[in-house]
Amino acid sequence: MALQRQRKVANNLKNLLQKRARQLTNECSCLTRLSCRKHQIVHVRDICGDIGEFQGLFRHNVTAYREMDAIFEANGLANMVISPSDVHIREDNGGKYLELFANKVLPFELRDATEAAWEHFSGTSKHMVNGSLYEKAAKNLDEPYTIIEDFTKETFYNNSRADLKVKQVVRRYVEANRDIVIWTARISSTAIKHKML
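For the sequence shown, the working numbering gives the first residue as 182, with consecutive numbering after it.
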């Protein structure tokens, strides 16, 4: 009898906590959406002058392309047909590296899917997912499917916000049976703010 009452009290408390969590999520979600919308118009200026500061990112991009098959093989992704995704952080002489793996079987023609993916990676909409842009400079290089970008972004997660300065190289490699988009970036935080949204 006492055990049943304790179970009932525990279940009631659990239900109250879940209800309150849903309520807080709903209350805060409108604020998150509002903060995303405040910088919807982004003026992208052309990068002028020396692009020498991007040379290290170009080298990392080419190295990632060359090592990609070995990395996929080592992580068991080379012959997968299911849709896994995984994230690894590794450290090396050059610093810390974040490796993201994703393999998704899509119900579209390869060419349509690859063009849509490139449109996403080469546009500004990818920056709007978890924050907003302050400013952005980009340049399409003479090499096909190569873009360099220099931008400042506000990003947020839970109750924290950060202002980030980003330099990145986005390059697409088109092969006979696959399309590869490799993104390399140097990111530094200029300000971190811990406050409620």
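We put the beta carbon where it would ideally sit given N, CA and C, even for glycine.
- Would a C-beta distance cut-off of 7 Å place V350 and I368 closer than the cut-off? no
- Task: Within the same chain, show all residues whose beta-carbon is closer than 6 Å to that of K195, passing over the 5 residues directly before and after it, in chain order.
- Result: For K195, same chain residues with a beta-carbon under 6 Å away, outside a window of 5 residues either side, do not exist.
- Message: So, at 6 Å on beta carbons, what are the nonlocal neighbours of A343 in its own chain, with the 5 sequence-adjacent residues on each side left out?
- Response: T336, S370, I373
- For Q185 and G257, the rounded distance between their alpha carbons: 48 Å
- Item | Whole-angstrom distance between Y315 and T244, CA atom to CA atom | 31 Å
- Task: Output the distance between the C-alpha atoms of R359 and L291, rounded to the nearest integer angstrom.
- Result: When rounded, the distance between both Cα atoms is 8 Å.
- From T327 to N321, what does the alpha carbon distance come to, in whole angstroms? 6 Å
- Message: Using a Cβ-Cβ cutoff of less than 8 Å, which residues in the same chain neighbour A366 once the five nearest sequence positions on both sides are dropped?
- Response: L238, V347, K348, Q349, V350
- Task: Would you identify the three-state DSSP class for L322, choosing helix, strand or coil?
- Result: coil
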